[in-house]
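Numbering follows our numbering, with no gaps: position 14 of the sequence shown is 608.
The beta-carbon is built from N, C-alpha and C at its ideal position, and this holds for glycine as well.
Below is one structure; the comments refer to it alone.
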Amino acid sequence: MAVVSRCSRAATAAITANATTATTFAYLIRSLSPFSSSSSTFDPQNDLNNRNKPAVLGTLKRESKGRNVQWVFLGCPGVGKGTYASRLSNLLGVPHIATGDLVRDELASSGPLSSQLKEIVTQGKLVSDEIIIDLLSKRLEAGEAKGESGFILDGFPRTVRQAEILEGVTDIDLVINLKLREEALLAKCLGRRICSECGGNYNVACINIKAENGRPGMYMAPLPPPPQCASKLITRPDDTEEVVKQRLRIYQAMTRPVEDFYRSRGKLLEFDLPGGIPESWPKLLCALNLEDREDKQSAAA
Ligand code: ADP
Numbered sequence: 595m596a597v598v599s600r601c602s603r604a605a606t607a608a609i610t611a612n613a614t615t616a617t618t619f620a621y622l623i624r625s626l627s628p629f630s631s632s633s634s635t636f637d638p639q640n641d642l643n644n645r646n647k648p649a650v651l652g653t654l655k656r657e658s659k660g661r662n663v664q665w666v667f668l669g670c671p672g673v674g675k676g677t678y679a680s681r682l683s684n685l686l687g688v689p690h691i692a693t694g695d696l697v698r699d700e701l702a703s704s705g706p707l708s709s710q711l712k713e714i715v716t717q718g719k720l721v722s723d724e725i726i727i728d729l730l731s732k733r734l735e736a737g738e739a740k741g742e743s744g745f746i747l748d749g750f751p752r753t754v755r756q757a758e759i760l761e762g763v764t765d766i767d768l769v770i771n772l773k774l775r776e777e778a779l780l781a782k783c784l785g786r787r788i789c790s791e792c793g794g795n796y797n798v799a800c801i802n803i804k805a806e807n808g809r810p811g812m813y814m815a816p817l818p819p820p821p822q823c824a825s826k827l828i829t830r831p832d833d834t835e836e837v838v839k840q841r842l843r844i845y846q847a848m849t850r851p852v853e854d855f856y857r858s859r860g861k862l863l864e865f866d867l868p869g870g871i872p873e874s875w876p877k878l879l880c881a882l883n884l885e886d887r888e889d890k891q892s893a894a895a
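Below, the structure written as structure tokens:
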């Protein structure tokens, strides 16, 4: 259970010393509506000074002191946040919480928010901070009730305001910023397929970028579904060329500054994906000082 370590000024009075991330989020969504202006400071100069100082090793030490990891995945649409966050979640035994999935679940539920969300998501825009924090706090509360602790967040925070709110309620240990060549991002979104039954993510795109002008080539094999999913594949309605381009523009405008936010705090681990899962997964584990014994065994078999 995550103990609140820092609180936004607005929330300080009401948050008890042992409030959890979920209850604090729930409190914030009730008390900060409309959200008060930022209480934490963002100093771009400081950010520049700290550009090369990810505090990864310090982070891993802190985790060994007792609680489960609290990590965030950043990266453009199509980069593979879901794929790697879900693999790490299995490896570390912490929940993978993707706010995009929470939004899609809410959309599918035909609840009161559903039509409003549909319009926003199909235009590639961001859902309001209030709605997304409400969905996230409900998810964290439900997880806590089941005894979950720690998390790997995927798709949150996506704005500096969201990052400030998160910082106000809990400590984030590490932010993994996945990066992939731009040519591959659109192709990966357009090739994405989801199993309508199990929710598994697959990809039909075969990305083969030739080496050019001293830049190395890159190959990413398709990620085919297992036979039981093959006939149940669907495409996300926001994975059209026009909407993906809009999501990429919004990422640059709204989420790129979140990278600076965490960089300035020494929490950002930049990770350039060298290719598909077979090349990238072992390198990511190495960057994180982790080992996947099962993966090693299956590779050796
Ligand atoms: P992407 O592939 O673009 O990273 P996601 O699956 O993470 O997509 O999210 C799908 C959609 O859900 C987003 O385009 C946005 O409308 C909404 N969404 C998800 N997370 C957030 C967030 N943290 N803030 C605002 N909107 C969000």
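Go ahead and pull the three-state DSSP assignment for residue i.
i           : result
residue 886 : coil
residue 897 : One cannot answer for residue 897 here, as it falls past the ends of the chain, which runs 595 to 895.
residue 646 : Here residue 646 scores only 36 on pLDDT, less than 50, and its place in the model is too uncertain to base an answer on.
residue 713 : helix
residue 861 : coil
residue 742 : coil
residue 662 : coil
residue 727 : helix
residue 899 : Residue numbering for the chain in the displayed model covers 595 to 895; residue 899 lies beyond these limits and cannot be assessed.
residue 719 : coil
residue 732 : helix
residue 774 : coil
residue 691 : strand
residue 809 : strand
residue 787 : strand
residue 803 : strand
residue 875 : helix
residue 827 : strand
residue 832 : coil
residue 781 : helix
residue 837 : helix
residue 707 : coil
residue 748 : strand
residue 769 : strand
Can you have a look at residue i and say buried or exposed, based on whether 16 or more other CB atoms are within 10 angstroms of its CB?
i           : result
residue 678 : buried
residue 797 : buried
residue 703 : exposed
residue 832 : buried
residue 858 : buried
residue 672 : buried
residue 786 : buried
residue 681 : buried
residue 701 : buried
residue 699 : exposed
residue 811 : exposed
Nearest-angstrom Cα distance between residue i and residue j?
i           : j           : result
residue 788 : residue 667 : 20 Å
residue 722 : residue 693 : 12 Å
residue 657 : residue 686 : Residue placement at residue 657 is poorly supported in this model, since its pLDDT is 48, which falls under 50; the coordinates still yield a value, given next. One C-alpha to the other measures close to 11 Å.
residue 758 : residue 709 : 28 Å
residue 795 : residue 763 : 31 Å
residue 863 : residue 877 : 13 Å
residue 676 : residue 740 : 22 Å
residue 665 : residue 768 : 5 Å
residue 690 : residue 807 : 39 Å
residue 631 : residue 760 : Interpretation of residue 631 is limited by its pLDDT of 31, a score under 50 that renders its predicted location unreliable; no figure is taken from the coordinates.
residue 875 : residue 669 : 16 Å
residue 674 : residue 772 : 8 Å
residue 765 : residue 743 : 13 Å
residue 804 : residue 813 : 8 Å
residue 590 : residue 842 : This structure gives no information on residue 590, because the portion of the chain shown stretches from 595 to 895.
residue 781 : residue 799 : 6 Å
residue 801 : residue 866 : 16 Å
residue 720 : residue 756 : 12 Å
residue 880 : residue 845 : 27 Å
residue 730 : residue 711 : 15 Å
residue 790 : residue 707 : 22 Å
residue 727 : residue 882 : 28 Å
residue 717 : residue 783 : 15 Å
residue 852 : residue 860 : 13 Å
For the segment 835 to 846 against the segment 741 to 750, do three or more pairs of beta-carbon atoms, one drawn from each stretch, fall closer than 8 Å, so that the two count as touching? no
May I ask you to verify whether the segment 823 to 830 touches the segment 727 to 747, counting CB pairs closer than 8 Å and requiring at least 3? Segments in contact, no.
Three or more C-beta pairs below 8 Å linking the segment 768 to 787 and the segment 691 to 710: no
Does the segment 802 to 817 come into contact with the segment 853 to 870, if we say contact requires no fewer than three beta-carbon pairs (one atom in each stretch) closer than 8 Å? Yes: at least three Cβ pairs fall under 8 Å.
Residues passing the C-beta test against ligand 1 heavy atoms, cut-off 5 Å: This selection yields 671, 693, 694, 697, 715, 720, 721, 726, 749, 750, 752, 841.
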